[in-house]
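Chemist: If you read the protein sequences in the order shown, they are chains Z and U. For the first sequence, counting from 1, position 55 maps to 55 in this note's numbering; every step adds exactly one. For the second sequence, counting from 1, position 132 maps to 132 in this note's numbering; every step adds exactly one. I'd like to ask some things about the structure below.
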Amino acid sequence: MIQKLVNILLVEDDEVDVMNVKRAFTKNNIKNELFVAGNGVEALGMLRTSIVPLPRIIILDINMPKMNGIEFLKVLREDENLKNISVFVMTTSNEDSDKINAYNLNVAGYILKPLSFEKFITSVATLKNFWSLCEM
Amino acid sequence: MAKSEKSCQEELSALKKEYEDFVYIVSHDIKTPMRAISNIATWIEDDLGPNADVDILNNFALLKSRVGRLENMLNALLELSRVNRTEMEMYEVNIPKLVEECMATLDNKLNVKFHINYNLSNENCITLGKKLNKVIFNLLDNAVRFHDKQIKNVFIDVSENEMEYEIKISDDGPGIAAELEDKIFSIFYTVNSKDVLDSTGAGLTISRKIIEMVGGAIQYTPAVNNGSIFQINWPKIISLKN
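Given below as structure tokens:
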């Protein structure tokens, strides 16, 4: 069986956070292709036009302009072609309401963005362990 | 014409809410650029490699430690603004068990001796359990954290009268001068420089806000032997305002 790497769609509006994910990928020696969308609307476009090829998982920020993470998740779960994609929420929001909303929309994990880059590398390594299982 | 008491009350509630929302939004939104500072510092440090000048590396460590402080302060502000909105469940707690849980979650219990004394006719009460836990934890944490002796004695006395529980948490540590009593409850105030002992200075502020919310009281008195005594009066029946 040929192993197929999952494609990662990062939905994130903050430039530094995008760079952070890219760096953490390098540090963890992650070779998966990374696509970036600046908000929910852009992400839906990239998924629907298959700019991000299958198989794919999504790393999602909550606080974003235009369409925020929770709004994006609602649309995603109602879309027949997209509703089964694994989504990881990655956010600064420690609000219970955001966590509950996210889990109600069937997310695979909820990661709080830590202050230190070292801790972030560990979070990303954990994520990789998860999607590696999907690649088998 | 003087405003009616009712409209004053309404205005006060609206102002309080506005203040809490403001503190929450500001502290939340400041987190993103703050994290960026910390992350970019790590990247530069990383890019400089292991042979970078020691002075530069020391300054990076300082920069990151100060951003860490900033994060603690923002988290404390967030917590303070949310005191009356989160963890507001009333449930039955067993007081000795709750105290035990607080002791168990303390970071560093090395060389700490707890002396516990209960004088209670009923150990169970229905109260805001998470809040009572927070207050007791904060006071125990302070008693241990700022203790300056080899063996750290911490005393916990819980008794009751008809209306309230009297919880006394004291220690034989350095104590706090009586004239500082008002200051220690101010946010971010620390008796020693934050460089001597890294602490945020928010535990007592948050504790007092919780205690005032439930209609109780907290009082500090210096102990005779240089330690500190904090006495909490926690009402048996809690009626929340607003």
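Where a beta carbon is used, it is the ideal one built from N, C-alpha and C, also for glycine. Since the model is a prediction, treat every value here as computed from it, not as a measurement.
#1: For a contact meaning CB atoms closer than 7 Å, what does valine 89(Z) contact in chain U?
#2: Using a cut-off of 9 Å between C-beta atoms, extract the partners of asparagine 39(U) located in chain Z.
#3: Grouping DSSP H, G and I as helix and E and B as strand, with all else coil, what is histidine 28(U)?
#4: Taking only beta-carbon positions, decide if threonine 49(Z) is within less than 8 Å of chain U.
#5: Taking contact to mean at least 3 C-beta pairs separated by less than 8 Å, is the stretch 197-215 of chain U in contact with the stretch 135-149 of chain U?
#6: Where does glutamate 33(Z) land, buried or exposed, given buried means 16+ other C-beta within 10 angstroms?
#7: Answer with yes or no whether the minimum CB distance from threonine 26(Z) to chain U is below 8 Å.
#8: Could you tell me which residues DSSP pairs with isoleucine 167(U) in its beta bridges?
#9: Roughly how many whole angstroms lie between the Cα atoms of methionine 1(Z) and isoleucine 95(U)?
#10: I'd like to know whether the C-beta of arginine 35(U) is nearer than 8 Å to at least one C-beta of chain Z.
#11: Would you call glycine 203(U) buried or exposed, if buried means 16 or more other Cβ atoms sit within 10 Å of its Cβ?
#12: List, in chain order, every chain Z residue whose beta-carbon is nearer than 9 Å to that of glycine 68(U).
#13: With a cut-off of 8 Å, does the C-beta of threonine 42(U) fall near any C-beta of chain Z?
#14: Name the DSSP beta bridge partners of lysine 152(U), please?
#15: Is the separation between the beta-carbon of threonine 126(Z) and that of lysine 113(Z) shorter than 8 Å?
#16: Can you pull the chain Z residues whose beta carbon is under 8 Å from the beta carbon of lysine 134(U), in chain order?
#17: Taking 8 Å as the CB-CB cut-off, is threonine 126(Z) touching chain U?
#18: In angstroms with no decimal places, state the Cα-to-Cα distance between tryptophan 131(Z) and isoleucine 30(Z).
#19: Check whether the Cβ of methionine 1(Z) lies closer than 8 Å to any Cβ atom in chain U.
#20: Against chain Z, does glutamate 71(U) count as a neighbour if the rule is that its beta carbon must be under 8 Å from one of theirs?
#21: Select from Ser7(U), Leu70(U), Ile56(U) the residue whose C-alpha is nearest the C-alpha of serine 199(U).
#22: Can you confirm whether lysine 31(U), when its beta carbon is compared against all beta carbons of chain Z, has any partner nearer than 8 Å?
#23: Assuming contact is defined by CB atoms lying nearer than 8 Å, are asparagine 39(Z) and lysine 66(Z) in contact in what I supplied?
#24: Within 10 angstroms of the Cβ of leucine 120(U), are there 16 or more other Cβ atoms? Answer buried if so, exposed if not.
#25: What would DSSP say about leucine 9(Z), mapped onto helix, strand or coil?
#26: Nearest-angstrom Cα distance between arginine 82(U) and lysine 16(U)?
#27: Taking only three categories from DSSP, how would you classify methionine 90(Z)?
#28: Given 8 Å as the limit, is there contact between the stretch 26-38 of chain U and the stretch 46-53 of chain U, that is, 3 or more CB pairs closer than that?
#29: When burial is assigned at 16 or more other CB atoms within 10 Å of the CB, is aspartate 17(Z) buried or exposed?
#30: May I have the straight-line CA-CA distance separating threonine 105(U) from arginine 145(U), to the nearest angstrom?
Modeler: On the basis of the data shown:
#1: Counting from 1 along the first sequence, the entry for residue 89(Z) is found at position 89. The contacting residues do not exist; valine 89(Z) stays about 16 Å from chain U at best.
#2: By one-based count along the second sequence, residue 39(U) stands at place 39. Near asparagine 39(U) (Cβ distances below 9 Å), the residues of chain Z are Val16, Asp17, Met19, Asn20, Arg23, Leu115, Ser116, Phe117, Phe120.
#3: Along the second sequence, read from residue 1 onward, the residue named residue 28(U) stands at position 28. Helix, per DSSP.
#4: The count along the first sequence starts at 1 and reaches residue 49(Z) at position 49. It does not: the Cβ of threonine 49(Z) has no partner Cβ on chain U nearer than 8 Å.
#5: Contact holds: three or more Cβ-Cβ distances are below 8 Å.
#6: In the first sequence, the residue the question calls residue 33(Z) occupies position 33. Label assigned to glutamate 33(Z): exposed.
#7: Taking the first sequence and counting its residues from 1, the one referred to as residue 26(Z) is at position 26. Output row for threonine 26(Z): interface = no.
#8: Along the second sequence, read from residue 1 onward, the residue named residue 167(U) stands at position 167. Per DSSP, Val158(U), Ile232(U).
#9: Against the first sequence, residue 1(Z) aligns to sequence position 1. Against the second sequence, residue 95(U) aligns to sequence position 95. At methionine 1(Z) the pLDDT is 48, less than 50, meaning the model places this residue with poor confidence; the figure from the coordinates comes in the next sentence. Cα to Cα, methionine 1(Z) sits roughly 60 Å from isoleucine 95(U).
#10: Translated into positions along the second sequence, residue 35(U) becomes position 35. Between arginine 35(U) and chain Z, the shortest Cβ-Cβ separation is below 8 Å.
#11: Here residue 203(U) is taken as the residue at index 203 of the second sequence, counted from 1. Residue environment for glycine 203(U): buried (at least 16 other C-beta atoms within 10 angstroms of its C-beta).
#12: The residue labelled residue 68(U) in the question sits at position 68 within the second sequence. Chain Z residues near glycine 68(U): Leu115, Ser116.
#13: Counting from 1 along the second sequence, the entry for residue 42(U) is found at position 42. Interface residue, yes.
#14: In the second sequence, the residue the question calls residue 152(U) occupies position 152. Looking at the DSSP assignment, lysine 152(U) forms a beta bridge with Val112(U).
#15: By 1-based counting over the first sequence, the position of residue 126(Z) is 126. By 1-based counting over the first sequence, the position of residue 113(Z) is 113. No.
#16: As a working mapping, residue 134(U) is identified with position 134 in the second sequence. What lysine 134(U) touches in chain Z: nothing, since even the nearest Cβ is about 16 Å away.
#17: Numbered from 1 along the first sequence, position 126 holds the residue referred to as residue 126(Z). Cβ-Cβ to chain U under 8 Å: no for threonine 126(Z).
#18: Looking up residue 131(Z) in the first sequence gives position 131. Looking up residue 30(Z) in the first sequence gives position 30. If I take the Cα positions, the gap works out to 11 Å.
#19: Locating residue 1(Z) in the first sequence gives position 1, where the first residue counts as 1. No answer about methionine 1(Z) holds up, because its pLDDT of 48 lies below 50 and its placement is not dependable.
#20: Reading the second sequence from its first residue, position 71 is the one you call residue 71(U). Answer yes: the Cβ-Cβ gap between glutamate 71(U) and chain Z drops below 8 Å somewhere.
#21: Here residue 199(U) is taken as the residue at index 199 of the second sequence, counted from 1. The candidate whose alpha carbon is nearest that of serine 199(U) is Leu70(U).
#22: For the purposes of this step, residue 31(U) is taken as residue 31 along the second sequence, with counting starting at 1. The beta carbon of lysine 31(U) sits closer than 8 Å to some beta carbon of chain Z.
#23: Residue numbering aside, residue 39(Z) sits at position 39 when the first sequence is read from its first letter. Residue numbering aside, residue 66(Z) sits at position 66 when the first sequence is read from its first letter. In this structure, lysine 66(Z) lies closer than 8 Å to asparagine 39(Z) by Cβ.
#24: Here residue 120(U) is taken as the residue at index 120 of the second sequence, counted from 1. By the neighbour-count rule (16 or more Cβ atoms within 10 Å), leucine 120(U) is not buried but exposed.
#25: Residue numbering aside, residue 9(Z) sits at position 9 when the first sequence is read from its first letter. The DSSP-derived three-state label of leucine 9(Z) is strand.
#26: As a first step, residue 82(U) is located in the second sequence; it is residue number 82 there, counting from the start. As a first step, residue 16(U) is located in the second sequence; it is residue number 16 there, counting from the start. Cα to Cα, the separation comes out at about 12 Å.
#27: Position 90 of the first sequence holds residue 90(Z). Methionine 90(Z): strand per DSSP, three-state reduction.
#28: Proximity of the stretch 26-38 of chain U to the stretch 46-53 of chain U falls short of the contact definition, fewer than three beta-carbon pairs being nearer than 8 Å.
#29: On the first sequence, position 17 is the one that residue 17(Z) refers to. Around the beta-carbon of aspartate 17(Z), 16 or more other beta-carbon atoms lie within 10 Å, marking it buried.
#30: Residue 105(U) sits at position 105 when you count from the first residue of the second sequence. Residue 145(U) sits at position 145 when you count from the first residue of the second sequence. A straight-line Cα-Cα distance of about 13 Å links threonine 105(U) and arginine 145(U).
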